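Residue numbers (the numbering used here), protein chains in the order written: chain A, 1 to 253; chain B, 1001 to 1253.
Number of protein chains: 2
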Amino acid sequence: MTVPDDLSLQDNYTETPVNEPPHGRVLLHGEVVASLRTMIVEGELATGARLPEKVLCEQFGISRTPLREAMRVLASEGLVVLTPNRGATVSEVTADDVDEMFPVMGSLESLAGEMACERITEDQLAEIRALHYQMLLHYRRRELADYFSLNQTIHGKIVGAAANPTLTAMHASLEGRIRRARYMANTSEARWEQAVKEHGEILEALETRDGPRLASILKQHLKNKCATVKESLLKTSPPMKTSVTRNGLSSVT
Amino acid sequence: MTVPDDLSLQDNYTETPVNEPPHGRVLLHGEVVASLRTMIVEGELATGARLPEKVLCEQFGISRTPLREAMRVLASEGLVVLTPNRGATVSEVTADDVDEMFPVMGSLESLAGEMACERITEDQLAEIRALHYQMLLHYRRRELADYFSLNQTIHGKIVGAAANPTLTAMHASLEGRIRRARYMANTSEARWEQAVKEHGEILEALETRDGPRLASILKQHLKNKCATVKESLLKTSPPMKTSVTRNGLSSVT
DNA sequence: TCGGATAATTTTGTATACAATAATTTTTGC
DNA sequence: GCAAAAATTATTGTATACAAAATTATCCGA
Chain A
1 MTVPDDLSLQ DNYTETPVNE PPHGRVLLHG EVVASLRTMI VEGELATGAR
51 LPEKVLCEQF GISRTPLREA MRVLASEGLV VLTPNRGATV SEVTADDVDE
101 MFPVMGSLES LAGEMACERI TEDQLAEIRA LHYQMLLHYR RRELADYFSL
151 NQTIHGKIVG AAANPTLTAM HASLEGRIRR ARYMANTSEA RWEQAVKEHG
201 EILEALETRD GPRLASILKQ HLKNKCATVK ESLLKTSPPM KTSVTRNGLS
251 SVT
Chain B
1001 MTVPDDLSLQ DNYTETPVNE PPHGRVLLHG EVVASLRTMI VEGELATGAR
1051 LPEKVLCEQF GISRTPLREA MRVLASEGLV VLTPNRGATV SEVTADDVDE
1101 MFPVMGSLES LAGEMACERI TEDQLAEIRA LHYQMLLHYR RRELADYFSL
1151 NQTIHGKIVG AAANPTLTAM HASLEGRIRR ARYMANTSEA RWEQAVKEHG
1201 EILEALETRD GPRLASILKQ HLKNKCATVK ESLLKTSPPM KTSVTRNGLS
1251 SVT
């Protein structure tokens, strides 16, 4: 399997503090960071994959300077590991990492829920409600991927409703790292049903602006999600190795 | 006022994922990141200060390449703002930022407290106890700077006792950003007394391994700290402007 | 003298060059 | 034929070069 090798730099955006460029043009490394971040988080670049500069430079059509800047940033985000004189690889996600990340995610979302109850507007609530029922539809139809996508969106909207940029940034960063565990496939029917039930309670707590209740539901919801992921990690065979080559991304089983 | 201009690169360390270098030598940009991060967090480089590449390169004795890499990393940490074609400046810390950061800090420390109660060893507890009573001594003697320093250390030790690297990293990053508000000076006597009282309760909760109680004390403790900082920010005159020059850091009132 | 336009200078963003380390291949000795 | 050593190649880390943008200085007119 091979994907197109021209990763031309469209207008991806970064949340890194970069002021508006006076003349339209933007920093190259930022584009590359956004691109590679997506590729890593979405699993297009597998865990452990080497990231040779020359190849990536050719694919992005840039020189080594901005590419290397991007690598340093991704390393500081924990998505990439740098080994001096031996370059960069996509970082690994161990079961221990998952075990660490979820409690933190639970705290962040719990806070988000509490703040969201104080600040959410009727419009934002209506949006979340719509997403919720759309998600329920996907659940009925057993459309797992669509379900998960909306699920993420809803959690993101709740965090957004908390209107706290620091919280949003930390949540986004951690969410990206957690997403890499890609547990989606192996969710048991019972776990799924339970998650849907919790989402109903989440909406209810939001509607009644019951901050403490929402906080506690979200914390429990995340605890269950953590258990789901760990079950999945145990069952799943180790992820396939992909590598970056001149011809694009190729699976090497 | 001027400080020495040779910021030679000793062995500062980064928590960025960088494997051991096979041959002792380490990545230059990492050293610079650590150095500049400290300078920004400790307030040696004032909020809003421009960071001209040429000057910093001379001071660190390196070329622009690793310096610029360091700038990108600091930008991704939120300590520096990049404006295309106009370079880097130390980011500002507004009252709104403080208002955002503290609730998140409250959540993180609250989680840390809960986990610490589950995992803390007798040895770690003894260490914190020693630090606590040392801190009380500084309080009695009205040694504010020493008090604050130990205070930070204790909070850090509690987070460390939670034994969750993700949590530790996020806490450290946020702690650095909060420290920049440097509220220390204007803490009222009443606030100080209250904080000391809470620290007594913190130690008590740790000793009895009462996770929920510690979590709630810490959350309240951070809420009060937030109020202290905001009082202080209102009272304080805007911070003096320092700039980076060939001769070191110079105050320009 | 002041304001605005133009020119010189500085600073930045990206590309390339060069040196050092690591990986690979070839050679050599047994 | 195989293992170890040597030589070759590739890759990385840092420094420099060059072009584009922004800043500063200069000039000119009123």
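Note that CB positions come from ideal geometry on N, CA and C, so glycine has one too. No experiment lies behind these values; they were computed from the predicted model shown.
Boundaries (first-last residue) of the alpha helix (DSSP H) holding residue i
| i | result |
| --- | --- |
| S216/A | 211–235 |
| T166/A | 165–179 |
| A1049/B | No alpha helix (DSSP H) holds A1049/B; DSSP gives it neither H nor E. |
| V104/A | 95–119 |
| V196/A | 189–207 |
| V1033/B | 1028–1041 |
| G1061/B | It is not in any alpha helix (DSSP H) - G1061/B carries neither H nor E in the DSSP assignment. |
| N151/A | 144–161 |
| R129/A | 122–140 |
Under 8 Å by beta carbon: chain B residues contacting residue i
| i | result |
| --- | --- |
| M101/A | T1166 |
| R213/A | None at all; the shortest Cβ gap to chain B is about 17 Å. |
| H29/A | R1072 |
Spatially closest choice to residue i from the options, by CA coordinates
| i | options | result |
| --- | --- | --- |
| T1121/B | E1207/B, T1228/B, G1156/B | E1207/B |
| T1149/B | N1164/B, R1182/B, T1168/B, E1077/B | Note that residue 1149/B corresponds to Ser in the displayed sequence, not to Thr. The residue with the shortest Cα to Cα distance from S1149/B is R1182/B. |
| T94/A | R246/A, K230/A, T242/A, G248/A | K230/A |
| T1245/B | T1038/B, Q1059/B, E1193/B | Q1059/B |
| T83/A | V1026/B, L1233/B, Q1124/B | V1026/B |
| N224/A | E198/A, Q124/A, A161/A, G211/A | E198/A |
| R955/B | V1159/B, L1108/B, E1193/B | Summary: the structure shown does not reach residue 955/B, with chain B confined to residues 1001 through 1253, and so no result is reported for it. |
| E1204/B | A1126/B, S1035/B, A1034/B | A1126/B |
| R180/A | R37/A, L28/A, G30/A | R37/A |
| R1142/B | E1189/B, A1130/B, I1217/B | E1189/B |
| Q1124/B | N1151/B, V1159/B, A1195/B | V1159/B |
| L1233/B | C1057/B, Q1152/B, N1151/B, I1178/B | I1178/B |
| V196/A | C57/A, L56/A, L144/A | L144/A |
| E175/A | T1166/B, E1077/B, R1209/B, Q1152/B | T1166/B |
| Q1248/B | D1210/B, L1056/B, P1212/B | One detail in the question is off: residue 1248/B reads as Gly in this sequence, not Gln. The option with the nearest alpha carbon to G1248/B is L1056/B. |
Range of the contiguous beta strand (DSSP E) that encloses residue i
| i | result |
| --- | --- |
| S1243/B | 1242–1245 |
| L82/A | 80–83 |
| A1088/B | 1087–1090 |
Chain-ordered neighbours of residue i on chain B, where CB pairs are closer than 7 Å
| i | result |
| --- | --- |
| S216/A | Chain B residues near S216/A: none, gap ~12 Å exceeds 7 Å. |
| V26/A | P1084 |
| R68/A | E1069 |
| M170/A | V1104, M1170 |
Listed by chain order, chain B residues near residue i by CB distance under 9 Å
| i | result |
| --- | --- |
| H221/A | By Cβ distance, chain B contributes nothing, its closest Cβ being about 16 Å from H221/A, past 9 Å. |
Amino acids of chain A, ordered along the chain, whose beta-carbon sits closer than 7 Å to that of residue i
| i | result |
| --- | --- |
| E1175/B | Those within 7 Å of E1175/B in chain A number zero; the least Cβ separation is about 13 Å. |
| L1111/B | P103, V104, S107 |
| S1076/B | T16, V73, S76, E77 |
Beta-carbon spacing of residue i, residue j below 7 Å
| i | j | result |
| --- | --- | --- |
| S91/A | V104/A | no |
| I40/A | L79/A | yes |
| A215/A | S110/A | yes |
| I128/A | K157/A | yes |
| K1235/B | N1164/B | no |
| L1222/B | G1106/B | yes |
| E1069/B | E31/A | no |
| T1168/B | A1046/B | no |
| D1146/B | H1155/B | no |
| H171/A | L218/A | no |
| A112/A | A162/A | yes |
Cross-chain neighbours of residue i in chain A, by beta carbon under 9 Å
| i | result |
| --- | --- |
| M1115/B | P103 |
Residue i: contacting residues in chain A (beta-carbon distance under 8 Å)
| i | result |
| --- | --- |
| H1155/B | Within 8 Å Cβ-Cβ: nothing; H1155/B doesn't reach chain A, min ~16 Å. |
Near the ligand COA: residue i beta-carbon under 6 Å from a heavy atom
| i | result |
| --- | --- |
| V1032/B | Summarising the ligand content, the structure contains no ligands, and the ligand COA is consequently not present. |
- Item | the segment 1086–1093 of chain B / the segment 1047–1059 of chain B touching (three or more Cβ pairs under 8 Å) | yes
- Message: For the structure I just gave you, are there three or more beta carbon pairs, one from the segment 111–121 of chain A and one from the segment 129–144 of chain A, closer than 8 Å?
- Response: no
- Query: Does the segment 1054–1063 of chain B touch the segment 1095–1103 of chain B, meaning 3 or more C-beta pairs lie closer than 8 Å?
  - Reply: no
- Please confirm if the segment 70–77 of chain A is in contact with the segment 1068–1077 of chain B, defined as three or more CB-CB distances below 8 Å between the two stretches. yes
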